[in-house]
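Take the sequence shown: its position 106, counted from the start at 1, is 106 in the UniProt record's numbering, and no numbers get skipped. In this text, a Cβ means the ideal position worked out from N, Cα and C, and glycines have one as well. A quick note: this is a predicted structure, and the numbers were derived from the prediction, not measured.
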Amino acid sequence: MKNQPLDTNSSLSGNKEVAMLQEEKDKIIERQLRFQDLLISISTQYINSDLSDIDTLINDSLKQIGEFVASDRSYIFSYDFVNRTASNTYEWCSDGVEPEIDNLQNIPTDYITQWLEAHQNGEAFYVEDVSLLPEDGEQGLRAILEPQGIKSLIVIPKIKNNELIGFVGFDAVQKINKYTDNEKEILFVFANMLVNVIQRKENEEQIKAQEEKKEELLKNLSIQNQELNEYAHVVSHDLKAPLINIHTLIGWFMEDRKETLGEELLNPLNQVLFNVERMDFLIKGILDYSTIDRLESQDAQIDFNVMLKEVLETMLVPDTTTITIQENLPTLYGNAWRYKQIFQNLIQNAVRYTDKEQGSIEVGFVEKGDFYEFFVKDNGIGIKADYFERIFKIFTKLESTGSSSGIGLSIVKKIVTFYKGSIWLESQEGAGTTFYFTLLKTK
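Rendered as structure tokens:
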């Protein structure tokens, strides 16, 4: 029987189709990652800013998001349900696009019933092509949008404490604009960020107005700190959904084409998965950090002997590393999750930075007056003295690795401080590190 000739044209065509599909998927994934990076950058600016010029801060973020999603006008409206109106409070326009903010004050909500209804249901209102809207009179939606030159728009509700307070919008004037489901989700996160940063500004102004009232000032400071923690918690939690979508999309793509994808195509996809997992690890750290002051579970008497045993059962410790736990550890009153976070982060840190053939980690305590002084000692790489204070700051890492978020030690310090204790370390490069912290005795 004669061998059949290979259909080289069909093979080349198939390879080209796979390559084109891969290139398209890469573009989608790369865009989503850049969008999330932009959102994290804006979130960092919001957190670190003193909000003395909140208008500039918000306008800059409207410009950044607007340019990224290729809109020509981005804006913020506030709803006034008492007077049944909506007013434009912030606006950014691209070059050559006329501002509309002055013309969009006290607009009757009867003119925008369609998107008001969507917002009241917690949904975005999206018109991909304004020209396809029905011609429903002088006060109809099309009659309002077309004079502004709008070809496409999306408006995202702003919700504060489960109450609709306004919306964030993006108009396309030059061309029709399309939004993916992932982009809509990220725009919802941005709207959430705006609500929180504006509320934070309002709280700061209230605090300044009450500087002479010490008790009221301290109360408002406490509220503000709680809201900032909730802000970090909400933003971090909401960012997880797009990350899961990206990870799932890539996983499906790799699984469906595992027979045709070569190493040259698999390597960059695995690198994307690595970076998505790294970002997920960072977000988990932020969630843990923002949860410390928000725990609602009841405190109890915690036997540290039992608690340390449970901590070690959840950890992966190399066979080359020995962990020794002192016997007869004390029992303290408090929250089990907080106490576990202290030891889990310190022990994981010791394991991570062990460079000896035989690693050794010791956990113990000494009784000193009205408090206990605990220690976690290792024989790892040690820490330079210059880093002793810096390592407790959030996002500080001794080295750039995918296994560290740079949040662990800041979590430890926040919990120790919460329990009115102190934390410090002694270290020698090449010889190891000992972390000490104190916890008050409890009845």
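At least 8 Å separates the beta-carbon of phenylalanine 167 from that of lysine 178. The alpha-carbon of glutamine 326 is positioned some 15 Å away from that of phenylalanine 435. In this structure alanine 350 does not touch alanine 300 by the C-beta definition: roughly 27 Å separates them, more than the 8 Å allowed. The continuous beta strand (DSSP E) containing arginine 73 extends over residues 73-80. Glycine 140 is not a Cβ neighbour of phenylalanine 77, given a cutoff of 8 Å. The closest CA to that of arginine 73, considering only Tyr333, Leu329, Tyr90 and Lys368, is found on Tyr90. In the structure shown, alanine 350 falls within a helical segment according to DSSP collapsed to helix, strand and coil.
8 Å or more divides the Cβ of phenylalanine 388 from the Cβ of threonine 438. Just measuring C-alpha positions, the residue of Gln348, Ala385, Tyr339 and Ser427 sitting nearest threonine 417 is Tyr339. Per DSSP, asparagine 121 lies in no beta strand (DSSP E) and is assigned neither H nor E. Inter-residue distance for lysine 384 and threonine 314 is about 30 Å (C-alpha atoms, whole angstroms). Annotation: aspartate 181 is outside any beta strand (DSSP E); the continuous alpha helix (DSSP H) that includes it extends over 181-209.
For alanine 86, no alpha helix (DSSP H) encloses it; the enclosing beta strand (DSSP E) starts and ends at 85-93.
Straight through space, the alpha carbons of alanine 209 and lysine 151 are spaced by roughly 45 Å. Inter-residue distance for phenylalanine 365 and leucine 164 is about 52 Å (C-alpha atoms, whole angstroms). By the CB criterion at 8 Å, arginine 84 and proline 99 fall outside the cutoff. For the set Thr321, Glu310 and Asn267, the Cα lying nearest the Cα of lysine 377 is the one of Thr321. Distances from the alpha-carbon of aspartate 110 to those of Val97, Glu138 and Asn103 put Glu138 closest. Isoleucine 176 and lysine 258 have their alpha carbons spaced roughly 36 Å apart.
DSSP links leucine 332 through a beta bridge to Ile302. Within the model, the alpha-carbon separation for isoleucine 156 versus alanine 124 is close to 5 Å.
Annotated three-state conformation of glutamate 389 is coil, per DSSP. By the criterion of a C-beta distance shorter than 6 Å, aspartate 129 is surrounded in its chain by Ile176, once the five residues flanking it on both sides are discounted. Taking a C-beta distance under 8 Å as the contact criterion, asparagine 328 and lysine 356 do not qualify as a contact pair. Under the three-state reduction of DSSP output, lysine 414 falls in the helix class. If you draw a straight line from the Cα of isoleucine 144 to the Cα of alanine 70, it is about 22 Å long. Going by beta carbons, leucine 39 and phenylalanine 190 fall inside the 8 Å limit.
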